[in-house]
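In the numbering used here, the protein residues as written are 7 to 153. Just so it is clear, CB atoms sit at the ideal spot from N, CA and C, and this is done for glycine as well.
Here it is as structure tokens:
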């Protein structure tokens, strides 16, 4: 018993370079992509709804015969919060995506990846970064009343 505990312990997982392990790695890689895609959809919805709420209530107040709102700034603040939440969700999800990929390419897992090019990226990462900038533009456009 004492001899077994004094021996060097292997890593948490036994990684074998087999087809089944390679395809399991691919499934995990694709699940990381799907997770980021779902966060992108959620963030687009939050940013879009936030911007739409601001625009709708600004135009609603300009209609003739519309009663003045009790809290006229409330839709603007709600829209800003939704846009901010969408941008924050994108930033956190991109960070989580990068951490997940770094883990999948680390150590023994690189041997079952099937390729040595760690820098392979899908267009999803670039789209996510672009949407962060679109969300920031929408946030500052509403905040500074540019639109």
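Going by the CB atoms, is the gap between residue j and residue i shorter than 7 angstroms?
i: residue 138; j: residue 92; result: no
i: residue 60; j: residue 85; result: yes
i: residue 42; j: residue 130; result: yes
i: residue 134; j: residue 105; result: no
If I follow the unbroken alpha helix (DSSP H) through residue i, where does it start and stop?
i: residue 96; result: 80-110
i: residue 40; result: 25-67
i: residue 144; result: 129-149
i: residue 117; result: 115-118
Using the C-alpha atoms, what's the distance from residue j back to residue i?
i: residue 128; j: residue 50; result: 19 angstroms
i: residue 26; j: residue 44; result: 27 angstroms
i: residue 73; j: residue 82; result: 17 angstroms
i: residue 89; j: residue 97; result: 12 angstroms
i: residue 7; j: residue 48; result: Its pLDDT being 47, under 50, residue 7 is placed unreliably in this model, and the value from its coordinates should be taken loosely. Cα to Cα, the separation comes out at about 53 angstroms.
i: residue 143; j: residue 132; result: 17 angstroms
i: residue 148; j: residue 69; result: 20 angstroms
i: residue 78; j: residue 118; result: 58 angstroms
i: residue 13; j: residue 34; result: Reliability fails at residue 13, whose pLDDT of 48 lies under 50, so the model's placement of it is uncertain and no value is given.
i: residue 66; j: residue 112; result: 54 angstroms
i: residue 55; j: residue 36; result: 29 angstroms
i: residue 115; j: residue 63; result: 52 angstroms
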